[in-house]
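Okay, so the sequence shown: first residue is 1 according to full-length UniProt numbering, each after it adds one. Ideal placement from N, C-alpha and C gives every residue a C-beta, glycine not left out.
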Amino acid sequence: MAAQRAYTTHPLVLRRVTVRRVLQVTPRMRRVVLGGEDLAAFTRDGIGRPAFTAPGFDDHIKMILAADGDVHAALPAQLPHGIEWTPAEHRLTRDYTPRRVDQRTGELHLDFVVHGEGPAEAWSASAREGDELWFVGPKSSLRLPERLDWILLIGDETALPAIGRFLDERPLDAPAHVLVTVSDDAARQELALRDGDTVTWVVAEPGDAAALEAAVRALPVPPGEGYAWAAAESRALLPVRRYLQRERKLPKDRLNITGYWHREEATDPEAEGTADAGAAAQGPAQIPSPLPWLAARAALQLGVVDAVADAPGLLPGALAARLGVPGPRIDVLLPLLATYGVVVGGDDGTGLRLGPAGEELLDDHEREEYTGHEAELLLSLSHLAPALRNGTSPWRLASGTTLLGTVAHDAERYGELVEECEQLVFLLDGLTADPLWEEVGTCLLTGPGSASVAAALDGAGRRPRLRVAEDSVPAKVLREHVPAPDRIDWTAGPSDVAVAAKALAHRTDEEAMQLLTRLAGWTRTAVLVEASRPDGLSPHAAEAALHAYAATGSPLRDSAAVAALANRSGWEVERTIALGWGAEATVLRRA
Numbered sequence: 001m002a003a004q005r006a007y008t009t010h011p012l013v014l015r016r017v018t019v020r021r022v023l024q025v026t027p028r029m030r031r032v033v034l035g036g037e038d039l040a041a042f043t044r045d046g047i048g049r050p051a052f053t054a055p056g057f058d059d060h061i062k063m064i065l066a067a068d069g070d071v072h073a074a075l076p077a078q079l080p081h082g083i084e085w086t087p088a089e090h091r092l093t094r095d096y097t098p099r100r101v102d103q104r105t106g107e108l109h110l111d112f113v114v115h116g117e118g119p120a121e122a123w124s125a126s127a128r129e130g131d132e133l134w135f136v137g138p139k140s141s142l143r144l145p146e147r148l149d150w151i152l153l154i155g156d157e158t159a160l161p162a163i164g165r166f167l168d169e170r171p172l173d174a175p176a177h178v179l180v181t182v183s184d185d186a187a188r189q190e191l192a193l194r195d196g197d198t199v200t201w202v203v204a205e206p207g208d209a210a211a212l213e214a215a216v217r218a219l220p221v222p223p224g225e226g227y228a229w230a231a232a233e234s235r236a237l238l239p240v241r242r243y244l245q246r247e248r249k250l251p252k253d254r255l256n257i258t259g260y261w262h263r264e265e266a267t268d269p270e271a272e273g274t275a276d277a278g279a280a281a282q283g284p285a286q287i288p289s290p291l292p293w294l295a296a297r298a299a300l301q302l303g304v305v306d307a308v309a310d311a312p313g314l315l316p317g318a319l320a321a322r323l324g325v326p327g328p329r330i331d332v333l334l335p336l337l338a339t340y341g342v343v344v345g346g347d348d349g350t351g352l353r354l355g356p357a358g359e360e361l362l363d364d365h366e367r368e369e370y371t372g373h374e375a376e377l378l379l380s381l382s383h384l385a386p387a388l389r390n391g392t393s394p395w396r397l398a399s400g401t402t403l404l405g406t407v408a409h410d411a412e413r414y415g416e417l418v419e420e421c422e423q424l425v426f427l428l429d430g431l432t433a434d435p436l437w438e439e440v441g442t443c444l445l446t447g448p449g450s451a452s453v454a455a456a457l458d459g460a461g462r463r464p465r466l467r468v469a470e471d472s473v474p475a476k477v478l479r480e481h482v483p484a485p486d487r488i489d490w491t492a493g494p495s496d497v498a499v500a501a502k503a504l505a506h507r508t509d510e511e512a513m514q515l516l517t518r519l520a521g522w523t524r525t526a527v528l529v530e531a532s533r534p535d536g537l538s539p540h541a542a543e544a545a546l547h548a549y550a551a552t553g554s555p556l557r558d559s560a561a562v563a564a565l566a567n568r569s570g571w572e573v574e575r576t577i578a579l580g581w582g583a584e585a586t587v588l589r590r591a
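Printed below as a string of structure tokens:
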């Protein structure tokens, strides 16, 4: 199985708590102590909910606020197993780590950095006894490796709640080496250190990437098996991730780096006013140009970003030689990259360095927006007009084959689909709790979400015999992601139930019906796990229909569209299980 971080999932429950007291931990940290009946097991709308639990030291809850003050209009819908983020124009959400969970007193402690910005800090500044707060989560808890010789805990002031909780509760019996950057000595806290632990405090401006990287590089890395955990400003963590991965060679399952906040670049008020005036004079907002996106994509594909990151101060001519691209051609690209902050310098004989946007492109997830599967789908939309006229998928017009035809023979692309489905494991409580599993001895899995289904079944204590129905390349990829692959039968055959997890999302209607027909030859009960509506929290919800059309030649399939495909393939819809975040499980029976 591929090296991956392990998580324990939790039921997603909407809870209401009230402020019990507010404490000043340091001049830079305010603690709000919360309590209420919703922290215990409770019943709402006739449905029982489990007691609040947050066993992980870096668990996070999602606070729900509202820009217009109407929090109740911003609340998500509670499902029997999960939540649905319905549209809410003024909803604001912020993630915070519980500093302490006291089961005895029924209290939850949240720490807020003072003099920070944003709605959550503003809420904490005005919090008074009796004020209410609604939140959801945590959805999961990180499981640390069992046998470690040491752990690095790296962060800024926003990471202190997680670091402090780790040291208090000690989920790992190994020496902890702590590094914290603070904006002022007054932000230092008393930490529960043990023999063998070390702590380093560095005074630096919030989000100072150079200071954080220098401090991390100065840390002595002990011998033996270790783990690095880091949380701070997103951009400041990029060189830290690069150092730990590339130079210290820490594998993915020994590394957890999370951006807790994003620093906004300061703007000159006068310049900002001028820009606003210009925009007003131009009338309606302009459609953004695709050129910066294409230039960033080319910079990644050619190796510009990595080359400049590896050798800051590189002259344009030396960059061209290193990449094997003639200088005049590189000169075509560099001015636009400089305009949008991918690189800085390079003119008047100065060396090139990464700008803010270039630093962001060091992150693997950020790169995928320019070079991964989603980027390829985006490029295929250049064929959108003819695709809409003739009813085919833009992908097929661009590549000459369907998306299924592509990923069935391309392990890297199918692997991206599998990784995109990893979040599915947090939404499957409603499916694994369904009574249909009480009579299931054998379960057939298919689709890139199969690994998430297998993990969810295992986590729920469901132990049917699993088999997988996939072509050779997808099956090989899934072997690297499922738990205990040797316990799975990798050949299709008769089963009590078949679960197709995101198997339709890369299939045309015709290909989807072919799959459903094949499933009918192996089972009389099938479950289709698909996204039937956009995620209500996503800022790109309006783009979901176009993304789906690019892949399949069909809009995002809602419940009715999935039912129509099933009916045409000889199935009847028995019921639909709402999973949350726009996902549904459709239970089918053979007609």
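Where residue i falls: helix, strand or coil (DSSP)
i: F52; result: coil
i: H540; result: coil
i: P98; result: strand
i: K502; result: coil
i: D111; result: strand
i: V497; result: strand
i: T489; result: According to the sequence provided, residue 489 is Asp. The question's Thr does not apply to it. D489: strand per DSSP, three-state reduction.
i: H177; result: strand
i: G553; result: coil
i: G580; result: strand
i: E574; result: strand
i: Q514; result: helix
i: R30; result: strand
i: Y7; result: strand
Contact set for residue i: own chain, Cβ-Cβ below 8 Å, skip 5 residues either direction
i: L404; result: H506, R507, T508, E511
i: H373; result: R413, E416, L417, E420
i: G430; result: L79, P80, H81, G82, I577, A578, L579, G580, A585
i: P50; result: P11, V13, A41
i: Q245; result: L255
Close beta carbons around residue i, own chain, < 6 Å, minus the five adjacent residues each side
i: A500; result: T446, G447, L528
i: L152; result: H177, A228
i: E574; result: V587, R589
Residue i burial status per 10 Å Cβ neighbour count (16 or more: buried)
i: I47; result: exposed
i: Q78; result: buried
i: K62; result: buried
i: K502; result: buried
i: P386; result: exposed
i: D184; result: exposed
i: E470; result: buried
i: K249; result: exposed
i: G553; result: buried
i: T339; result: exposed
i: residue 597; result: The chain is shown only over 1 to 591; residue 597 falls outside these bounds and no answer can be derived.
i: R99; result: buried
i: I287; result: exposed
i: K139; result: buried
i: G56; result: buried
i: A6; result: exposed
Proximal residues to residue i (C-beta, below 7 Å), its chain only, five neighbours per side dropped
i: W201; result: V180, V182, R188
i: L14; result: L75, P76, Q78, I83, W134, V136
i: P269; result: Because the pLDDT at P269 is just 30, under 50, the model does not fix this residue reliably, and the value given afterwards should be weighed accordingly. Cβ neighbours of P269 beyond the five flanking positions: none.
i: I488; result: L466, R467, V468, V482
i: V199; result: V178, L191, L193
i: A186; result: T26, P27, R28
Member of the options whose CA lies at the smallest distance from the CA of residue i
i: C421; options: A456, G400, D434, T402; result: A456
i: S538; options: E107, G207, E247, E84; result: E84
i: A120; options: T93, L244, P222, H109; result: T93
i: R465; options: S382, V113, P494; result: P494
i: L108; options: D59, Q245, D156, S393; result: D59
i: A492; options: W522, L39, L515; result: W522
i: E117; options: L255, P206, F57; result: P206
i: L436; options: S141, D131, V497; result: V497
i: G369; options: P312, Q301, W395; result: It is worth fixing the name first, because residue 369 is Glu in this sequence and not Gly. Nearest C-alpha to E369: Q301.
i: L148; options: H262, A174, L160, G130; result: A174
i: L333; options: H383, A321, L294; result: L294
i: R44; options: A542, G69, E543, R16; result: R16
i: L110; options: V22, W490, T53; result: V22
Query - Segments assigned alpha helix (DSSP H), at least 4 residues, entirely inside the region 193–273 - result: 209–218, 234–242
Report task. With a floor of 4 residues, list each alpha helix (DSSP H) that falls wholly inside the region 37–92, ordered by position along the chain. Result -> 71–74
Requested in this report: Would you mind listing the alpha helix (DSSP H) stretches within the region 421–450 that are 4+ residues and don't spill past its ends, in chain order?
Outcome: 429–432
**Report entry** Within the region 360–399, ranges of the beta strand (DSSP E) (whole runs, at least 3 residues)
**Finding:** none
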